[in-house]
Every structure is written in C-alpha cells, then in structure tokens.
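Written out below as structure tokens is the structure these notes cover.
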Ligand SMILES: *Cc1c(COP(=O)(O)O)cnc(C)c1O
C-alpha cells in the first residue's frame, strides 16, 4: 500500500515547535502575552482594528451571534455549502436558520439569490434575517460589496465565515479587514490554512463589539470599570455583567499561531502553485475545475473538483480512497443533515448546492504536498474516470 495522502494537513516547523516550548517554560501558559501578540499579528495582517482569539471557530461564530444579540425571535441566513458550524451558531442562540443557494460557478453564496430571497420574504411578510453569514468557501470570497449594499437596505448584520480564508484577499484587501462586514471569523484547525491545533479568531473594526467579545470569551466578566454597573470595591473587584462562556485560547496555541503567521503568505503561495499544477493536469479530464472570481484572491483551503457525470462520483471517490488518498466531500448541504431535516427542511431548497454536492470531490491540497504525490492523485483519478 502506498503512503497515505490526506486531503489537508498542518505544516509544523522547528520555529513553530520552539515557540510552543518557550511558552511552556514561561510564567503563563494561558491568558499570557502570547495571546496578545498573536491577536496583534492577525489584526495587523488583516488591516483591521481588533482581533479576539478563541478556542475554535465554532466558538467564534457563537460569540459573534451573541454579540449581535441574536435570539429566539431572530433569523440567521447562511449558505448550505459549508460546515455545519456556520448554521449551528444561530441555533445555539435559539434563532431560526435559513439557507441561500450558491453560485454554481464559484460555490459561494449567490448574492442575486440572496436579494431575491430577501424581496420574497419581505413581500410575503416572512421573517427577515438579523444576521447573514456568507461563507468564504475554499477561500473564495462572496461578492461582499453587493452583499453589504443589501445589508444596508434590509438592515441585517454580516459575519463572514472565513474559516477557509485567512491569507486571501477580496479586491486587494485582506479577508478579515471587515470592510464589508461587522465581523470575520477564522479557524485554525489543522486542515485549515494556519493552525493552532484547535483555535479561532474574530476580527472587527467596531470597538463595542470588540469589548463585548472580550467579555463573552471569559464568562461575561469585566475588570474594566467603564463596563461595570457599580463602583469598584477594590483592586480584587470584577463584575459579571452578562452570561458569558469560557472560549479562551491557550498561550501555547497562540504562540503556535503567531509563529505560523510568519509563514502564512508562503502557505498560500504554495497552495496556488499546487492548484495551478492541478489545473493543468486536469485540463483534459471529464471534470470541472474550481474557478476563481476575478475579485477574489483565494487562500485555497480546498481544491474541489466536480466529476462531470454524477454517477461516477462514488466509484471515483472509492477508487481514490482505495489507493490511500484521503479525498473528501465538501459539503453535503447543511439542511439535508438529519438535525436540520427534523427542523422541517426539505430537499430542493437550494438546487445549485445540491447539484454541486452530487458531483464534488476535494482533492488533497496542503503546503507539504509534493508534486510526486500530486501526480499519484492524478494518475489514480485518471484511471478511475476511464
Ligand atoms: C472548520 C470550519 C468551521 C469550524 O471551525 P472549528 O475551528 O473547527 O470550530 C466553521 N466553518 C467552516 C466553513 C469550517 O470549515
């Protein structure tokens, strides 16, 4: 059996290891200086005012919804072609969730479909979204300027799920700059662009949201007199002013993340080089290659192809797995998950997302993937398709 090739994996070098070891030998292994260093590095990279590190991106999405006061009477809309966390965050707050179909060319939320759905909901007097979560799927950016215009007209807040997106750009500006959103969420799970093992970050330009996120991350507690209800009773005094959580990142994780930030541009450049190579090697095969919107410079978290004949997806997928190639499918539309079916969602809600899902296979793509491994993927794929 040939060695296993996963669809994605971390790249850890000696500097990364040393950064973590240094923290272990220091005074603080959580809530220490590494957290602030990592947050500042991400904020600076993204050109955004504030960054809040958290235990993972699911926690980040939950906190973003809480910070926007999403509650049981509210509605959140997202795209179905995503990991379940993009929708679950609304459910954690007791809100209703609904889905907007994707653009069949870019696989991200179709802003025209969003506008049509908003108009239809308004005309019928149905619930309008309080929060919309565009998902920067595979690193590709939704048409954020048009989305932001709709946000103004219809009065919803925008939280970007950029779990796949750090290191990418939209119209030359880094993803995470929040030019067209209230907040952006990143994930640092090992398969994503940079890693802290588990970890996430929220960026924002709004000071009010930043302060709320800091409190929510740590039990709803504040030590800042500006946010207390009562006069401080002394240097020991803190107040819990709302119901928060413990969603903190450790300093070991932050040190790893800070070290990985140094390599972020190299990570993304390598992904582009490998994707370009895939593009060339796949040119004559009966598959659809992922396209890039000209406004979007993707971090290329994923390289999702579609086999042209849907009935071949399963045998091709099985042949790749049988050859020890860890392909995956991103994603079954979220509303087809049994939990969401139980809430009343039916098939055919988002035909583009369903058609894409029927044919999708994500090929391996990560920083340390070699050209020889890539050739093995292509040879196996070729054989399976013929
Ligand atoms: C990975 C992922 C998340 C969740 O990230 P965690 O850090 O694992 O919680 C959320 N949204 C999308 C699109 C993801 O791919």
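Residue numbers (my numbering): 1429 to 1814.
Using N, Cα and C, we set each Cβ at its ideal position, and we do this for glycine too.
Since the structure is predicted, the reported quantities are computational estimates derived from the model, not experimental observations.
Inset, instruction - Determine the DSSP secondary structure at residue 1655, reduced to helix, strand or coil. - result: Within the chain shown, the letter at position 227 stands for residue 1655. Reduced to three states, the DSSP call for residue 1655 is helix.
Inset, instruction - Using only the heavy atoms of ligand 1, determine whether one of them is closer than 7 Å to the beta carbon of residue 1511. - result: As a working mapping, residue 1511 is identified with position 83 in the chain shown. Yes, Cβ of residue 1511 sits closer than 7 Å to a heavy atom of ligand 1.
Inset, instruction - Check residue 1537 in the structure and name its three-state DSSP category. - result: Here the question's residue 1537 lines up with position 109 in the chain shown. Looking at residue 1537 - three-state DSSP - the assignment turns out to be strand.
Legend entry - Rounded straight-line distance, which links the Cα of residue 1710 to that of residue 1790: In the chain shown, counting from the first residue as 1, residue 1790 sits at position 362. In the chain shown, counting from the first residue as 1, residue 1710 sits at position 282. Approximately 13 Å between the Cα atoms of the pair.
Legend entry - Best match in 1636, 1523, 1800, 1660 for proximity to residue 1557 [C-alpha to C-alpha]: The residue you call residue 1557 lines up with position 129 of the chain shown. It is 1523.
Legend entry - Pair within 8 Å by beta-carbon distance, residue 1681 and residue 1624: As a working mapping, residue 1681 is identified with position 253 in the chain shown. As a working mapping, residue 1624 is identified with position 196 in the chain shown. For residue 1681 and residue 1624, yes; Cβs fall inside 8 Å.
Legend entry - Cut-off 6 Å between Cβ atoms - residues of its own chain near residue 1730, not counting five sequence neighbours on either side: For the purposes of this step, residue 1730 is taken as the residue at position 302 of the chain shown. Answer for residue 1730: 1566, 1758, 1790, listed in chain order.
Inset, instruction - Report the partner residues of residue 1788 according to the DSSP bridge assignment. - result: In the chain shown, counting from the first residue as 1, residue 1788 sits at position 360. 1734.
Inset, instruction - Find out if the Cβ-Cβ distance for the pair residue 1542, residue 1578 is shorter than 8 Å. - result: Walking along the chain shown from the start, residue 1542 turns up at place 114. Walking along the chain shown from the start, residue 1578 turns up at place 150. A contact, by the Cβ cut-off of 8 Å.
Inset, instruction - In angstroms with no decimal places, state the Cα-to-Cα distance between residue 1462 and residue 1751. - result: For the purposes of this step, residue 1462 is taken as residue 34 along the chain shown, with counting starting at 1. For the purposes of this step, residue 1751 is taken as residue 323 along the chain shown, with counting starting at 1. Taking the straight line joining both Cα atoms gives about 42 Å.
Inset, instruction - Determine the direct distance from the alpha carbon of residue 1551 to that of residue 1484, and round the result to whole angstroms. - result: In the chain shown, the residue the question calls residue 1484 occupies position 56. In the chain shown, the residue the question calls residue 1551 occupies position 123. Approximately 38 Å between the Cα atoms of the pair.
Inset, instruction - Could you tell me the distance, in whole angstroms, from the CA atom of residue 1549 to the CA atom of residue 1559? - result: Working through the chain shown from its first residue, we reach residue 1549 at position 121. Working through the chain shown from its first residue, we reach residue 1559 at position 131. Roughly 15 Å between the two C-alpha positions.
Inset, instruction - Within 10 angstroms of the Cβ of residue 1432, are there 16 or more other Cβ atoms? Answer buried if so, exposed if not. - result: Within the chain shown, the letter at position 4 stands for residue 1432. Classification for residue 1432: exposed.
Inset, instruction - State buried or exposed for residue 1452, treating a residue as buried only when at least 16 other CB atoms are found within 10 Å of its CB. - result: To locate residue 1452, count along the chain shown from 1; it is residue 24. Answer is exposed; the Cβ neighbour count stays below 16.
Legend entry - residue 1814 burial status per 10 Å Cβ neighbour count (16 or more: buried): Reading the chain shown from its first residue, position 386 is the one you call residue 1814. Burial call: exposed.
Legend entry - Near ligand 1: residue 1490 beta-carbon under 7 Å from a heavy atom: By 1-based counting over the chain shown, the position of residue 1490 is 62. Residue 1490: no, Cβ never under 7 Å from ligand 1.
Legend entry - the stretch 1504 to 1514 / the stretch 1779 to 1796 touching (three or more Cβ pairs under 8 Å): yes
Inset, instruction - State the DSSP-derived secondary structure class of residue 1602, mapped to helix, strand or coil. - result: For the purposes of this step, residue 1602 is taken as residue 174 along the chain shown, with counting starting at 1. Residue 1602: strand per DSSP, three-state reduction.
Inset, instruction - Check the Cβ-Cβ distances between residue 1622 and every residue of chain B, and say whether any is below 8 Å. - result: You won't find chain B in this structure, because it holds only one protein chain.
Inset, instruction - Confirm, please, whether the CB-CB distance from residue 1535 to residue 1490 is below 8 Å. - result: Against the chain shown, residue 1490 aligns to sequence position 62. Against the chain shown, residue 1535 aligns to sequence position 107. No. Outside cutoff.
Inset, instruction - Determine the burial state of residue 1798: buried for a count of at least 16 other Cβ atoms within 10 Å of its Cβ, exposed for fewer. - result: Within the chain shown, residue 1798 is the residue found at index 370, counting from 1. It counts as exposed.
Legend entry - Cβ-heavy atom distance, residue 1573 to ligand 1, below 7 Å: Taking the chain shown and counting its residues from 1, one reaches residue 1573 at position 145. No, ligand 1 has no heavy atom inside 7 Å of this Cβ.
Inset, instruction - Starting from residue 1776, follow its DSSP beta bridges and name the residues at the other end. - result: Along the chain shown, read from residue 1 onward, the residue named residue 1776 stands at position 348. Residue 1776 is not bridged to any residue.
Inset, instruction - Can you say whether residue 1660 is buried or exposed, counting buried as having 16 or more other CB atoms within 10 angstroms of its CB? - result: If you number the chain shown from 1, residue 1660 lands on position 232. With fewer than 16 other Cβ atoms within 10 Å, it is exposed.
Legend entry - Cβ neighbours of residue 1775 in the same chain (closer than 8 Å, five flanking residues each side left out): Here residue 1775 corresponds to residue number 347 of the chain shown, with the count starting at 1. Answer for residue 1775: 1764, 1782, listed in chain order.
Legend entry - Closer than 7 Å: residue 1514 CB and nearest ligand 1 heavy atom: Counted from its first residue, the chain shown places residue 1514 at position 86. Within the cutoff, so yes.
Inset, instruction - May I ask you to check if the CB of residue 1620 is nearer than 7 Å to at least one heavy atom of ligand 1? - result: Residue 1620 sits at position 192 when you count from the first residue of the chain shown. Yes, Cβ of residue 1620 sits closer than 7 Å to a heavy atom of ligand 1.
Inset, instruction - Can you say whether residue 1643 is buried or exposed, counting buried as having 16 or more other CB atoms within 10 angstroms of its CB? - result: Walking along the chain shown from the start, residue 1643 turns up at place 215. Flag for residue 1643 reads buried.
Inset, instruction - Go ahead and label residue 1445 buried or exposed: buried means 16 or more other beta carbons lie within 10 angstroms of its beta carbon, across all protein chains shown. - result: Residue numbering aside, residue 1445 sits at position 17 when the chain shown is read from its first letter. Label assigned to residue 1445: exposed.
Legend entry - Beta-carbon contacts of residue 1488 that lie in its chain and below 7 Å, excluding the five residues immediately before and after: Against the chain shown, residue 1488 aligns to sequence position 60. 1482, 1613, 1628, 1629, 1630.
Legend entry - Neighbourhood of residue 1593 by C-beta distance below 6 Å, restricted to the same chain and skipping five residues each side: Walking along the chain shown from the start, residue 1593 turns up at place 165. Excluding residues within five positions, the ones whose Cβ falls inside 6 Å are 1564, 1567, 1603, 1727.
Inset, instruction - Counting only runs of 4+ residues fully inside the stretch 1468 to 1530, write out the alpha helix (DSSP H) ranges in chain order. - result: 1485 to 1495, 1513 to 1520
Inset, instruction - State the beta-bridge partners of residue 1568 as determined by DSSP. - result: The residue given as residue 1568 occupies position 140 in the chain shown. Per DSSP, none; premise fails for residue 1568.
Legend entry - Residue range of the unbroken alpha helix (DSSP H) whose run includes residue 1687: Working through the chain shown from its first residue, we reach residue 1687 at position 259. Here the alpha helix (DSSP H) through residue 1687 covers 1679 to 1689.
Legend entry - residue 1481 beta carbon near ligand 1 (any heavy atom closer than 7 Å): The sequence position of residue 1481 within the chain shown is 53, counting from 1. Incorrect: residue 1481 has no Cβ contact closer than 7 Å to ligand 1.
Inset, instruction - Tell me whether residue 1666 sits in a helix, a strand or coil according to DSSP, three-state version. - result: For the purposes of this step, residue 1666 is taken as residue 238 along the chain shown, with counting starting at 1. DSSP places residue 1666 in coil when its eight states are reduced to three.
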